[in-house]
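**Q**
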Amino acid sequence: MRKFGYILLLFFFGNLANAQTGITFEVQDVLNKEELSEHLRYLASDELQGRRTASPGGQKAAEYIAAQFKAIGLLPAPGMDGYFQHIPFVRVKPAQSGEIELEETRYLVGDNFVQIRGGQAGIQAEAVFVGQGWVDEEQGYNDYEGLDVEGKVVIALPGTPDDTQPFQAFRATKQKREIAREKGALAIVELYRLRMPWRFVKRFLNSDRLEVGKASEYTDDLIHIWLKENEDAQLELKRGDVLPISLSTDGLKVDSTEAVNVVGFIPGADDSLKNEILLLTAHYDHVGVGKQGGGAYTEADSIFNGARDNAIGVVSLIAAAKELMARPPARTVAFVAFTGEEMGLLGSKYYADNPVFPLEQTVYNLNNDGAGYNSTAHYSMIGWGRTNADTLFVEAAKATGLEISKNPAENQNLFERSDNISFAQKGIPAVTFSPGFLEMDQEIMKYYHQVTDNPDTLDYDYLFKFWKAYARAAELLANTPMKLWWTPGDKFEPGNDE
Ligand SMILES: [Zn+2]
């Protein structure tokens, strides 16, 4: 499960008559506690070094999962490199040295300005203030009207005329850069006047980070800077004002790398349902070793093993794959182990933007992720009440003797903090199945993103029930004749305004 931070992020029961699934559950047991526990012990072993995205340990985990998919008999998706969906990542290092002089004030890189895009530069030129630097031809709006910025630096306010929320301002940067480049500008400097504290922005943009993309998209692009003025000495500018600027920077250093999502599937057996895809997902990445982990560590134990977060989820996928392979499902079932979740849900976002199976045919996403458990009598549903599948989840709970903890810790907004959200945002009913917890208490935080999240601290009798419950829920979703959908009025149901 992803930590709070960078993401800026009617209660209807389904018609009970629809809940008749028509399948009888054979008690033929295909799942084995020891075998599933072994998968967990390996995935959360020190050998995998905390499974950080785009690290050798992360790649080892991916290869192990692919080998399990193959051994179980899942098929690789057509047109893929075996079970791998390759994702281009870049490692971005912020500019190390640079300064800007503007109206007799000096600004230093990493302190009161950060570079978002572009390579190194030494510029002495005129700067032109262009308001927000926005152009919308359809609306007849043009901040550049009558201004010549060719060979000059553009100074702009953040955001767009419609929106100056921090998140919107961040999203608008790409388009504003494109506009400035088209007009022939040398660089764009946005004056950071947003409500989010500068120190957060600075800390994020000034750190080594991993993002999805290609190196050239960073270094070959127009130089783009966010500059924080002194609170008591903000520049007073009118659109069209011209002032001298000197700007030097050693630029972003960007290297290409990659990581993979692991994908396999079982074709549906029912002629009328096989074109519908049930997407079962769990992220396999965790946060790595030592300083990377973001939490306390010692010389004796510096590996963030991520047994709970999220080796348990990956083993759930393996359990569901075994179960569904033994009893061919009516719908086609795709299994995806994501990378990049801890970096900002990057693997699932990439999949949602570059789907291996068409999203139009993807009828439901049952994700599996969690921080841990503090009740071995429960499993948790994050998204309870939001889709018409709750009756199936109740049935899966009954089959395993567990109860359901419904939307625990609601104030934590967990629904939007795991990979299910990447699909919910595309309109696909998507929920997260989690180990049993009732609230985010000390027992959870003791392990959450800590080096103590080791496989030898787990209750495998409980986990076996949990894995069976997930496999059972997956089986019920794969076979139910009912049309899987959002609870009417849910904010992610297509056609509803948020
Ligand atoms: Zn996490």
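Terminal number for the sequence shown in the numbering used here: 504, no gaps in between. From the three backbone atoms N, C-alpha and C, an ideal C-beta is built for every residue, glycine too.
Flag Glu-481 as yes when its Cβ comes closer than 6 angstroms to any non-hydrogen atom of ligand 1, and as no otherwise.
**A** Outside the cutoff, so no.
**Q** If you measure from the CB of Asp-315, is any heavy atom of ligand 1 nearer than 6 angstroms?
**A** yes
**Q** Taking the straight line between their C-alpha atoms, what separation do you get for Ala-101 and Thr-255?
**A** Answer to the nearest angstrom: the Cα atoms are 7 angstroms apart.
**Q** Buried or exposed for Lys-244, please, with buried defined as at least 16 other CB atoms from any protein chain shown within 10 angstroms of its CB.
**A** exposed
**Q** With DSSP run on the structure shown, which of helix, strand or coil describes Asp-425?
**A** Assignment of Asp-425 by DSSP, reduced to helix, strand and coil, places it in the coil class.
**Q** Quick check on the DSSP output: the beta strand (DSSP E) that includes Asn-371 runs from which residue to which?
**A** 368 to 374
**Q** Compute the Euclidean distance between the alpha carbons of Thr-30 and Val-320, then round it to the nearest angstrom.
**A** Unreliable positioning characterises Thr-30 in this predicted model, as indicated by a pLDDT of 45, which lies under 50. The coordinate reading is nonetheless provided below. Answer to the nearest angstrom: the Cα atoms are 27 angstroms apart.
**Q** For the alpha helix (DSSP H) that Asn-485 lies in, which residues bound it at each end?
**A** 466 to 485
**Q** Decide yes or no for the touch test of the segment 178 to 188 against the segment 119 to 139: beta carbon pairs closer than 8 angstroms, at least 3 of them.
**A** Under the 8 angstroms Cβ criterion, the segment 178 to 188 counts as touching the segment 119 to 139, having at least three qualifying pairs.
**Q** Taking only three categories from DSSP, how would you classify Pro-494?
**A** coil
**Q** Considering Trp-140, what are the terminal residues of the alpha helix (DSSP H) in which it resides?
**A** Segment: none, Trp-140 is in no alpha helix (DSSP H) and carries neither H nor E.
**Q** Along the alpha helix (DSSP H) that carries Met-331, what are the first and last residues, could you check?
**A** 318 to 332
**Q** Taking C-alpha atoms, which residue in Gln-240, Val-207, Leu-352 and Asn-212 lies nearest to Phe-429?
**A** Of the candidates Gln-240, Val-207, Leu-352 and Asn-212, the one whose C-alpha sits nearest the C-alpha of Phe-429 is Leu-352.
**Q** Is the beta carbon of Gly-296 less than 7 angstroms from the beta carbon of Arg-58?
**A** no
**Q** If I'm right that Gly-270 touches Leu-81 with Cβ under 8 angstroms, what's the distance once you round it to whole angstroms?
**A** 6 angstroms
**Q** Report the rounded CA-to-CA distance for Asn-502 versus Leu-372, giving the unit in angstroms.
**A** Cα to Cα, the separation comes out at about 22 angstroms.
**Q** Our contact map puts Phe-344 next to His-289 with C-beta atoms below 8 angstroms; I'd like the distance itself, whole angstroms only.
**A** 4 angstroms
**Q** Is Glu-401 close to ligand 1? I mean its beta-carbon at under 6 angstroms from any heavy atom of the ligand.
**A** no
**Q** Rounded to a whole number of angstroms, what is the C-alpha to C-alpha distance between Leu-37 and Lys-474?
**A** Here the alpha carbons of Lys-474 and Leu-37 stand approximately 8 angstroms from one another.
**Q** Alpha carbons only, please: which of His-384, Glu-348, Arg-337 and Gly-376 is nearest the one belonging to Phe-363?
**A** Arg-337
**Q** Give the straight-line distance between the Cα atoms of Lys-220 and Asp-359, rounded to the nearest whole angstrom.
**A** Whole-angstrom Cα-Cα distance: 16 angstroms.
**Q** Measure the Cβ-Cβ separation of Gln-167 and Leu-200 and say whether it is below 7 angstroms.
**A** The sequence given here places Pro at residue 167; Gln does not occur at that position. No, these two residues do not count as a Cβ contact at 7 angstroms.
**Q** Pro-250 lies in the beta strand (DSSP E); which residues open and close that run?
**A** Unbroken beta strand (DSSP E) run through Pro-250: 248 to 255.
**Q** From Leu-249 to Ala-191, what does the alpha carbon distance come to, in whole angstroms?
**A** 15 angstroms
**Q** If I measure Cβ to Cβ from Leu-420 and keep anything under 6 angstroms in the same chain, skipping five residues before and after, which residues do I get?
**A** Listed in chain order, the non-local C-beta contacts of Leu-420 below 6 angstroms within the same chain comprise Ile-388, local neighbours out to five positions each way being set aside.
**Q** Regarding Glu-348 and ligand 1, is the C-beta to nearest heavy atom distance less than 6 angstroms?
**A** yes
**Q** Would you mind stating whether Ile-63 and Gln-55 have Cβ atoms separated by less than 7 angstroms?
**A** First, the amino acid is wrong: residue 63 is Gly here, not Ile. Yes, the Cβ-Cβ distance between Gly-63 and Gln-55 is below 7 angstroms.
**Q** Could you check where the alpha helix (DSSP H) with Gly-63 kicks off and where it finishes?
**A** Taken as a continuous stretch (DSSP letters only), the alpha helix (DSSP H) holding Gly-63 covers 62 to 78.
**Q** Can you list, in chain order, the residues of its chain with a C-beta nearer than 7 angstroms to that of Gly-28? Leave out the 5 residues immediately preceding and following it.
**A** Any answer about Gly-28 is weak, because its pLDDT of 43 lies below 50 and its placement is not dependable; what the coordinates show is given next. Pro-487.
**Q** Near Lys-182, what residues of its chain come up, given a Cβ to Cβ distance below 6 angstroms and the 5 sequence neighbours on each side ignored?
**A** Gly-139
**Q** Contact defined as beta carbons within less than 8 angstroms: I believe Ala-325 pairs with Leu-285. What is the distance between those atoms, to the nearest angstrom?
**A** Wrong, their Cβ atoms sit about 16 angstroms apart, outside the cutoff.
**Q** Roughly how many angstroms separate the alpha carbons of Ala-178 and Asp-276, rounded to a whole number?
**A** 46 angstroms
**Q** My output table needs one value for Asn-413: the three-state DSSP class, helix, strand or coil.
**A** coil
**Q** Looking at the unbroken alpha helix (DSSP H) that takes in Arg-47, where does it start and where does it end?
**A** 39 to 49
**Q** In this structure, does DSSP put Thr-225 in helix, strand or coil?
**A** Here Thr-225 sits in helix by DSSP.
**Q** Quick one, are the C-beta atoms of Gly-157 and Ile-229 less than 7 angstroms apart?
**A** no
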